[in-house]
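Colleague: Counting in the working numbering, the sequence shown runs from -10 upward without gaps. Mind having a look at this structure? Questions to follow.
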Amino acid sequence: MTKTYEVRTYGCQMNVHDSERLSGLLETAGYEAAASDQTPDLVVFNTCAVRENADNKLYGNLGHVASIKAKNPGMQVAVGGCLAQKDKDTITKRAPWVDVVFGTHNIGSLPVLLERARIAEESQVEILESLEVFPSTLPTKRDSVFAAWVSISVGCNNTCTFCIVPALRGKERDRRPGDILAEIEALVAEGVVEITLLGQNVNSYGVEFGDREAFSKLLRACGQIEGLERVRFTSPHPAAFSDDVIAAMAETPNVMPQLHMPLQSGSNRILKAMRRSYRRDRFLGIIDRVRAAMPEASITTDIIVGFPGETEEDFLETMDVVRQARFSSAFTFQYSQRPGTPAADLPDQLPKAVVQERYERLAALVSEISWSENQRIEGQVVELLVADQAHAGGRKDAETHRMSGRARDNRLVHFVPGDHEVRPGDLVVTRVTKASPHHLVADGAPLEVRRTRAGDAWETRQGRTTVTPGSVGLGMPAIGVPAPLPPAPACAPA
């Protein structure tokens, strides 16, 4: 009888991508995804360690699974990801019913560790301190048939005082450009029309082999791939964001006019305490130059409220940058004290009530600006990539019959397909009729519907599970400097 599995993912896009690899590995090893009403033979928790409640959430979920496992002999539980990398064998001490603990550097070991645990009838803990194999060499099971993550680097060379990620994912390692482009071409051949280039600091790509313009060259090279409709990337770092990248974005038609640029704080004093190697004027200058090159660009951000020592004046400086930058949306977080980070030991940790009050003020301002920015789109014509009805909010609304899609600037749009047969992966051109803070609505009939290879691929895949083998020659970066991509011209400073 075929064993079943469930992967539960917490945290960032990197974890989502890793979970695709975990699912691919398990299905290659003979498992199949459990139905929603089925108790799986294996539950994998792919964890995050960025926020304080990550620990509480994990151990709460493990406690719930323990009672299920007690009633189902042979069921296995595995814990991976950043929290596993951080806590190591602490997990099996607090939750001895966990069968396998694996880290961020050895996700490919999961099937072997599960078999060892089954045979030995004891927990297996394997945490490596450096990357064993680049994740892109592993099989993949993607949720979407027409959109894909493509990892271009792993790890981080920055030392932000609030962040534990560099300690858990290691120093930056860059893939060779030819390997990345080969993976993208293989994905496009399968029907993928949108890729998101993924890295902890995606625009510092090339630092390992000494090419400061490697990322802009990579964007331009993506523009030469026939059939690739949309290219996105996340997340860049303001300190390394250069004018050649802005030029590549503006001059490469399939690179989308969207930028997620983490601010974290608008106070220079707090940015210094965070060890963020830029200041507010540089950040705002980047925003100005991006909008000069791409007036239609949507810019989003991350902001932390309540960093140790943050005064009311510091917070008001953040609010001022938000007003000036006019973000399309922002992910706002209350500072979380994480053991193992320098910020955890800083004096002047703020009371919860103060942080909460500031967070609510910031969230209200972000929502107000988002709504105002969205209202500017009312009446405009937008091109949407239709979302999968089974994933990512693409489900048809029973009352309005709306479907959902993403505009080129990544805004979420709920639209009426009218009499058209519209499939996930197809492209729809429609006119925005209404705005809200977090989405747009297009209630008129589409102006154009373009059936795509992605829609064909979605239609073909219905009812089938597809696992892509890691067979494109996507190994760790080889020794020596890779063959350079063509030169990328830099745009003049605004």
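Ideal Cβ positions, reconstructed from N, Cα and C, are used throughout, including at glycine.
Which same chain residues end up closer than 6 Å to residue 244 when comparing Cβ atoms and leaving out the 5 residues on each side of it in sequence?
Modeller: Here the set comprises 208, 220 and 238.
Colleague: Under 8 Å by Cβ, that's how I've got residue 402 and residue 427 pegged, so tell me the actual separation to the nearest angstrom.
Modeller: Their Cβ separation, rounded to whole angstroms, is 11 Å, which puts residue 402 and residue 427 out of contact at 8 Å.
Colleague: Tell me which residues share the same chain as residue 285 and place their Cβ nearer than 7 Å to its Cβ, disregarding the 5 neighbours each side in the sequence.
Modeller: Within the same chain, residue 285 has close Cβ partners 246 and 398.
Colleague: Using the three-state DSSP reduction, which class does residue 20 fall into: helix, strand or coil?
Modeller: Reduced to three states, the DSSP call for residue 20 is coil.
Colleague: Does DSSP put residue 470 in a helix, in a strand, or in coil?
Modeller: No answer about residue 470 holds up, because its pLDDT of 38 lies below 50 and its placement is not dependable.
Colleague: Terminal residues of the continuous beta strand (DSSP E) containing residue 69?
Modeller: 65 to 70 is the span of the beta strand (DSSP E), which, as asked, contains residue 69.
Colleague: Kindly list the residues whose CB is nearer than 8 Å to the CB of residue 372, restricted to its own chain and excluding five residues on each side of it in sequence; keep chain order.
Modeller: Contacts found: 396, 397, 416, 417 and 418.
Colleague: Quick check: what's the CA-CA separation for residue 278 versus residue 47?
Modeller: Whole-angstrom Cα-Cα distance: 42 Å.
Colleague: With respect to the alpha helix (DSSP H) encompassing residue 302, which residues constitute its N-terminal and C-terminal limits?
Modeller: Where residue 302 is concerned, the enclosing alpha helix (DSSP H) stretches over 301 to 314.
Colleague: Rounded to the nearest angstrom, what separates residue 383 and residue 334 at their Cα positions?
Modeller: Below a pLDDT of 50, predicted positions are generally treated as unreliable, and residue 383, at 46, falls in that range; the measurement from the model is reported next regardless. Looking at the two C-alpha atoms, the distance is approximately 44 Å.
Colleague: Kindly indicate which three-state DSSP category residue 494 falls into: helix, strand or coil?
Modeller: One cannot answer for residue 494 here, as it falls past the ends of the chain, which runs -10 to 483.
Colleague: On the premise that residue 113 lies in contact with residue 158, defined as a C-beta separation below 8 Å, what is that separation, rounded to the nearest angstrom?
Modeller: The pair is not a contact, with the Cβ atoms about 22 Å apart (cut-off 8 Å).
Colleague: Excluding the 5 residues flanking residue 80 on each side, which residues of the same chain have their C-beta closer than 7 Å to its C-beta?
Modeller: Contacts found: 68, 73, 87 and 90.
Colleague: Tell me the residue span of the alpha helix (DSSP H) that contains residue 35.
Modeller: Looking at the DSSP string, residue 35 is not in any alpha helix (DSSP H); the run it does join, the beta strand (DSSP E), is 31 to 36.
Colleague: Please list, in chain order, all residues of the same chain as residue 460 whose beta carbon is under 7 Å from its beta carbon, the five residues on each side excluded.
Modeller: Residue confidence for residue 460 is low, a pLDDT of 42 falling below 50, so the modelled location carries little weight; the figure read from the coordinates is stated next. Cβ within range, chain order: n/a, list empty.
Colleague: Would you grab the beta carbon distance between residue 212 and residue 177 for me? Rounded to a whole angstrom, and I think it's under 8 Å.
Modeller: About 13 Å separates the two Cβ atoms, so there is no contact after all.
Colleague: Mapping DSSP to helix, strand and coil, what is residue 528?
Modeller: Past the boundaries of the shown model lies residue 528; the chain is included only from -10 to 483, so the question cannot be answered.
Colleague: Let me make sure I understand the geometry here. Which of 298, 307 and 300 has the alpha-carbon closest to that of residue 291?
Modeller: Answer by Cα proximity: 307.
Colleague: Grouping DSSP H, G and I as helix and E and B as strand, with all else coil, what is residue 477?
Modeller: For residue 477, the predicted model reports a pLDDT of 41, less than 50, meaning its position is unreliable and no value from the coordinates is stated.
Colleague: Roughly how many whole angstroms lie between the Cα atoms of residue 273 and residue 296?
Modeller: Whole-angstrom Cα-Cα distance: 21 Å.
Colleague: Does DSSP put residue 93 in a helix, in a strand, or in coil?
Modeller: Residue 93: coil per DSSP, three-state reduction.
Colleague: Helix, strand or coil: which one does DSSP assign to residue 487?
Modeller: Residue 487 lies beyond the residue range present for the chain, which begins at -10 and ends at 483; the question has no answer from this structure.
Colleague: Applying the 10 Å Cβ sphere with the 16-neighbour rule, what's the burial state of residue 484?
Modeller: Given a span of -10 to 483 for the chain in the structure shown, any question on residue 484 remains unanswerable.
Colleague: When the distance is taken between beta carbons, is residue 210 closer than 7 Å to residue 170?
Modeller: Their beta carbons are under 7 Å apart, which means residue 170 touches residue 210 by this criterion.
Colleague: Residue ranges of each beta strand (DSSP E) run of no fewer than 3 residues wholly in the stretch 192 to 254, ordered along the chain?
Modeller: Entirely contained in the stretch 192 to 254, the beta strand (DSSP E) runs reaching 3 residues are, in chain order, 219 to 223 and 247 to 249.
Colleague: Could you tell me if residue 166 is buried or exposed, where buried requires 16 or more neighbouring beta carbons within 10 angstroms of its beta carbon?
Modeller: Answer is buried; the Cβ neighbour count reaches 16.
Colleague: Since I believe residue 269 is in contact with residue 294 (beta carbons under 8 Å), could you give me their beta-carbon distance rounded to a whole number of angstroms?
Modeller: Contact flag wrong, Cβ pair sits at about 16 Å.
Colleague: Keeping to the same chain, check which residues put their C-beta closer than 8 Å to that of residue 420; ignore five residues upstream and five downstream.
Modeller: Result list for residue 420: 368, 369, 370, 371, 431, 433 and 436, in chain order.
Colleague: So, at 6 Å on beta carbons, what are the nonlocal neighbours of residue 485 in its own chain, with the 5 sequence-adjacent residues on each side left out?
Modeller: It is not possible to answer for residue 485, since the shown part of the chain is limited to -10 through 483.
Colleague: Heavy atom of the ligand NAP less than 6 Å from the Cβ of residue 97, yes or no?
Modeller: Of ligands this structure carries none, so the ligand NAP is not represented either.
Colleague: Grab me the residues of residue 182's own chain with a C-beta within less than 8 Å of its C-beta, minus the 5 sequence neighbours each way, in chain order.
Modeller: Excluding residues within five positions, the ones whose Cβ falls inside 8 Å are 135, 136, 216, 217, 218, 219, 374, 414, 441, 442 and 443.
Colleague: Let me make sure I understand the geometry here. Which of 43, 358, 53 and 62 has the alpha-carbon closest to that of residue 75?
Modeller: Nearest option by C-alpha distance: 43.
Colleague: Can you check whether the C-beta of residue 182 is within less than 7 Å of a C-beta belonging to chain D?
Modeller: Considering every chain present, this structure includes no chain D. It has just one protein chain.
Colleague: Please state the DSSP three-state secondary structure of residue 333.
Modeller: If DSSP states are grouped into helix, strand and coil, residue 333 belongs with the helices.
Colleague: Quick check on the DSSP output: the alpha helix (DSSP H) that includes residue 105 runs from which residue to which?
Modeller: Unbroken alpha helix (DSSP H) run through residue 105: 99 to 109.
Colleague: When the Cα atoms are used, what is the spatial distance from residue -8 to residue 24?
Modeller: Approximately 12 Å between the Cα atoms of the pair.
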